[in-house]
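Per the numbering used here, the sequence shown starts with residue -1, numbered consecutively.
Ideal Cβ positions, reconstructed from N, Cα and C, are used throughout, including at glycine.
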Amino acid sequence: MLAASDPSWALTELEPTVEDLDRAEGLVHRTPAGWELVQVGTYEVGCGVAPSAVLDDFGLQCPPPDGASTAPAADDAQPV
């Protein structure tokens, strides 16, 4: 599948032929030399290597940058 925002990026799904392996995703990018495999994996594929619009096109999610958390800090916790 090509990214709508930038068709030089593509995502492919790799289906295992045995039951004890997980499905993986492969992210490829077209360069002047041709298609190059950028990353393959089962978690956080594309994070830190593909533009955010491309990640959005493929529905890929990454953790917040720099380890930032969306959870409230301990000092912000409300008493129960």
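Rounded to whole angstroms, what's the CA-CA distance from residue i to residue j? Just pull it up for me.
i: D18; j: L12; result: 14 Å
i: E42; j: Q59; result: 7 Å
i: G24; j: V38; result: 4 Å
i: D54; j: P14; result: 25 Å
i: F56; j: V16; result: 26 Å
Please name the residue, chosen from the options, that lies closest to residue i on a Cα-to-Cα basis.
i: P63; options: A51, V52, G46 and D55; result: G46
i: R28; options: G57, A1 and P61; result: A1
i: P30; options: W7, R21, S3 and M(-1); result: W7
i: D20; options: T40, L53 and M(-1); result: T40
i: W33; options: G57, P14 and T10; result: T10
i: V26; options: T15, G44, V16 and P14; result: G44
In chain order, what residues of the same chain lie with their CB nearer than 6 Å to the CB of residue i, ignoring the 5 residues before and after it?
i: A51; result: S3
i: M(-1); result: L9
Less than 9 Å between the C-beta atoms of residue i and residue j, yes or no?
i: A48; j: V36; result: yes
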